[in-house]
DNA sequence: CATGAATGAGTCTTCATTCAT
DNA sequence: AATGAATGAAGACTCATTCAT
């Protein structure tokens, strides 16, 4: 998996090794992937050019093909980065939540609205890939793999929680998973904020599992306004 | 609004007026819009070309610019067609459902999984536009307008149905609307079938409004297998 | 085989159909092949660009890819044209020479120094392809096929003419064929003129077949100086 | 003239001084020239890159510009090497042949089919330069100079040998020289072997000078099969 | 109205050359 | 001396758009 580099690593001052002549290959690759995510958000999948990416990274345009064989490879690696980061994030949060299924479920959902994962730029990038998935088997496979793992985890937790007669864990997992994706799209479209999305998702858990999520207690405290605004730019 | 033409209007036999040397402008336009939807599903937003559209419509490639000033206009008109069709569909279904809020809500949801609206090609086209929405104000506005009207209708119905203390109609409307969109994406990705999506959505209404949707009765009867397969090609 | 178009069809006055908007595809193709031969002579195989070819044909640069899928295809078609033209030329001359083997042999050799075949531009183009043949299987095959047919014809004629003990028709055919190619290279390098090349080749036949080509009678009369100069530009 | 280094100087074991961190400039230069010849044979003039050369020499790709100011200079020096080697070879063989014109002529011809001079790689390199000569004055001059000296030697020897009325030494020299070049091309194209080429060339001398080269005695004995195969790889 | 050849701007990609390390 | 990341010019190819026929 690719070494993570903060998406904010924008070339303000020539930090040692972050730009200019010479930098280790892996660092440049992450830098370019971050620039790709940013460019995807700015220009969209259809209009993104190699020059956009290079410019965004503060490098000359020829460099991108030096680190990635083709535009296609760059995009696939970008999706792979997003996919890995996404999976690592919810799995880590799930672990931290302990053994209680309800806590674990809430943790996974909360993980999806994490500031790192659910940033405007990354949502836009995800959406760009979804838009192309239908006609790009590679993307479809990669997006599918992401959903598959996530879905299985949800099914298991739903199974553990749901008890009523006629309860269908798979269907519930699909409902919850779909809702999360739909909320991401609304966040991306600026219909709702990230925090609102998180609250809506967590509140819905109360509807699906009323006995395990007593009404009105699952939502995380809303962040201070200033911090919320700040992250919009990322 | 554009005159509707069946998406299946593929040039098999030269139906009177559908192709050949002369055809009325509006007919050609719908024909080209249908071809655009099909091409969008086949090649994706990023790769679609004017030639793809023309070829799909069985016409020479110079013709598209004759009926649409530019590629951009063609795409915008295609989105407008989808958007209008979508709105007309759920509004009509809602009307047919009578005055009972629960029936109306179920009708709207059911409308979203209508065979006409929720065909593989149209889902793919929608998804393509969503993917570009972030970086295309025009698309974002058009998609936003669609969601806005729909959302308002959902909020009103939720308000009419939900009564408990602490119930939030807006949040619930967002939850339901998001879920529907998420389910569309899963249908597009072939994770679930259209019928499964519909069932999951309707079942979820039971979770959100347990008193109005008594468990196990809202789902529509699943279609016969043969019919289901047939529509896959559309 | 490609319809032949005179290499001198340079766009001086917009002849009907020869340039500007609209011309039948085959005509454009020959025009572009001629331009390729000219560009090959001017810039060499390594430096020729699609723009050179288009410019030479007096057309916009985008047009070349409209008539040939790729630069590679254009070059292969150019070689095919040269190859076909070459073969047709010597076979036609051979036929015209009647049944006498000596006449036929002389006719074939003379055909190689034909003004049309052995023009500076075409020699340069041939040489360019030979230079790449070693590393381009396609060219090697096409050049090889040309030589093969020609060689076989020479072997047959040598067989018919040579009678001495220890005479080797194959070896003699190789000697004569190689000499012809070598002379082409010298003509191309301006070491000798086309007419000198022809005389040297025909005189050599006297050496190889002294009984059939009595000394001093086989060479064609040298052309007038003025005509000779004129064709240098082609 | 450049210090000769065997074309087989491939980096198998790091011979002392042949590679590694430090090596005297002249050695590196010959090493790179050999690599250029090999790369020319492998990829052709049009496709050869500085990186190919460096890789072939087992060195990093930045190094070539350190030893040669430009790609152009590298290629010119490579041609100069080939040209010098060629000239030195036939002149040395000629000297060794003594004073008899017939022996000297045969020696020169034999020299052209020398294993060192007439290796597959070097033939390919020569051919690559010939292909570009028409459009590269520098190459044309260098190739021309080579031919000029060689041609003069042939003319002198022909003059000494030929006696008949109407004998034209220049024409005969051109015939013989052209044939040799043509045979090289056939060897390069794998139509004939190096040994066959040599025999054909020597046998032809019998045709041109029947009194000095009594039939059937000029050809050198064909090599053993094993040795012949071995040199194919060079 | 319809066709399809022609145009030319824009993009990806390659690669000689430079230069910090 | 040597390395290999970085630069940027140049070229192949695509495709929206125009327009003669």
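Chains as they are written, first to last, in my numbering: chain A, -3 to 230; chain B, -3 to 230; chain C, -3 to 230; chain D, -3 to 230. Yeah, the Cβ is synthetic: ideal placement off N, Cα and C, and Gly gets one too.
Using a C-beta to C-beta distance shorter than 9 Å, which residues of chain A count as neighbours of residue i?
i                      : result
residue 64 of chain B  : Residues of chain A passing the Cβ test: none, with the nearest at roughly 18 Å.
residue 143 of chain B : 182, 185, 187
residue 86 of chain B  : Near residue 86 of chain B there are no residues of chain A at all, since even the closest Cβ is about 16 Å away, more than 9 Å.
Return the residue from the list the options that minimises the CA-CA distance to residue i.
i                      : options                    : result
residue 231 of chain D : D:58, D:80, D:62           : Outside the shown range of chain D, which is -3 to 230, sits residue 231 of chain D, and nothing can be said about it.
residue 63 of chain D  : D:100, D:84, D:25          : D:25
residue 157 of chain C : C:182, C:42, C:95, C:145   : C:95
residue 166 of chain C : C:149, C:179, C:182, C:181 : C:149
residue 128 of chain A : B:29, B:23, B:38           : B:38
residue 70 of chain C  : C:87, C:86, C:36           : C:36
residue 200 of chain D : D:40, D:44, D:86, D:105    : D:105
residue 191 of chain C : C:40, C:115, C:123         : C:115
residue 110 of chain C : C:193, C:44, C:207         : C:193
residue 231 of chain B : B:112, B:123, B:85, B:151  : The first residue shown for chain B is -3 and the last is 230, placing residue 231 of chain B beyond what the model contains.
residue 197 of chain D : C:85, C:207, C:171         : C:171
Applying a beta-carbon distance threshold of less than 7 Å, which residues of chain B neighbour residue i?
i                      : result
residue 204 of chain A : 203
residue 282 of chain A : The displayed coordinates of chain A run from -3 to 230. Any statement about residue 282 of chain A would go beyond what the structure contains.
Using the Cα positions of residue i and residue j, report the straight-line distance between them to the nearest angstrom.
i                      : j                      : result
residue 173 of chain C : residue 121 of chain D : 22 Å
residue 163 of chain D : residue 176 of chain C : 20 Å
residue 209 of chain B : residue 98 of chain B  : 7 Å
residue 185 of chain C : residue 27 of chain A  : 54 Å
residue 147 of chain A : residue 108 of chain A : 13 Å
residue 21 of chain A  : residue 58 of chain A  : 15 Å
residue 68 of chain D  : residue 46 of chain B  : 44 Å
residue 17 of chain D  : residue 42 of chain C  : Caution is warranted here: a pLDDT of 49 is assigned to residue 17 of chain D, below 50, making its placement in the model unreliable, and the coordinate value is therefore given only provisionally. For residue 17 of chain D and residue 42 of chain C, the distance between alpha carbons rounds to 34 Å.
residue 168 of chain A : residue 60 of chain B  : 45 Å
residue 78 of chain D  : residue 182 of chain C : 19 Å
residue 195 of chain D : residue 23 of chain C  : 47 Å
residue 188 of chain A : residue 87 of chain A  : 26 Å
residue 179 of chain B : residue 29 of chain B  : 25 Å
residue 140 of chain C : residue 112 of chain C : 22 Å
residue 44 of chain A  : residue 44 of chain D  : 32 Å
residue 207 of chain C : residue 207 of chain D : 16 Å
Only counting the same chain, and skipping five residues up and downstream in sequence, which positions put a Cβ closer than 7 Å to that of residue i?
i                      : result
residue 33 of chain B  : 3, 74, 117, 118, 121
residue 31 of chain D  : 49, 52, 53
residue 134 of chain B : 72
residue 83 of chain B  : 142, 145
For residue i, count neighbouring C-beta atoms within 10 Å of its own C-beta (all shown protein chains included) and say buried if the count is 16 or more, exposed if not.
i                      : result
residue 130 of chain A : buried
residue 66 of chain D  : exposed
residue 202 of chain D : buried
residue 56 of chain B  : exposed
residue 220 of chain C : Reliability fails at residue 220 of chain C, whose pLDDT of 43 lies under 50, so the model's placement of it is uncertain and the value that follows must be treated cautiously. Exposed, by the Cβ-count rule.
residue 213 of chain C : Residue placement at residue 213 of chain C cannot be trusted, given a pLDDT of 49 that sits under 50; what the coordinates show is reported in the next sentence. Flag for residue 213 of chain C reads exposed.
residue 132 of chain D : buried
Spatial neighbours of residue i within its chain, please: C-beta separation below 6 Å, excluding the five flanking residues on both sides.
i                      : result
residue 103 of chain C : 89, 90, 93
residue 205 of chain B : 157
residue 125 of chain A : 75, 135
Using a Cβ cut-off of 9 Å, pull out every chain D residue sitting near residue i, in sequence order please.
i                      : result
residue 104 of chain C : Chain D residues near residue 104 of chain C: none, gap ~15 Å exceeds 9 Å.
Give the interface partners of residue i over in chain C, defined as CB-CB distance under 9 Å, in chain order.
i                     : result
residue 41 of chain D : 40, 41, 42, 127, 128, 131
Beta-carbon within less than 8 Å of residue i's beta-carbon, same chain only, minus the 5 sequence neighbours each way: which residues are those?
i                      : result
residue 143 of chain A : 173
residue 100 of chain D : 90, 93, 94, 153
residue 151 of chain A : 165, 166, 169
residue 155 of chain D : 165
residue 85 of chain D  : 107, 110, 112, 113
Below 8 Å on C-beta distance, what does residue i contact in chain A?
i                      : result
residue 243 of chain B : With chain B running from -3 to 230 in the structure shown, residue 243 of chain B is simply not present.
Below 7 Å on C-beta distance, what does residue i contact in chain D?
i                      : result
residue 196 of chain C : 167, 170, 171
Residue i touches chain D at which residues, Cβ-Cβ below 8 Å?
i                      : result
residue 37 of chain C  : 130, 131
residue 154 of chain C : None at all; the shortest Cβ gap to chain D is about 12 Å.
Give me the chain C residues within the contact set of residue i, using Cβ-Cβ distance strictly less than 8 Å, ordered along the chain.
i                      : result
residue 115 of chain D : In chain order: nothing, as chain C lies at least about 12 Å away.
Show which residues of chain A have a CB atom less than 7 Å away from the CB atom of residue i.
i                      : result
residue 177 of chain B : 178, 181
Under 8 Å Cβ-Cβ, which residues of chain B neighbour residue i?
i                      : result
residue 124 of chain A : 127, 128, 130
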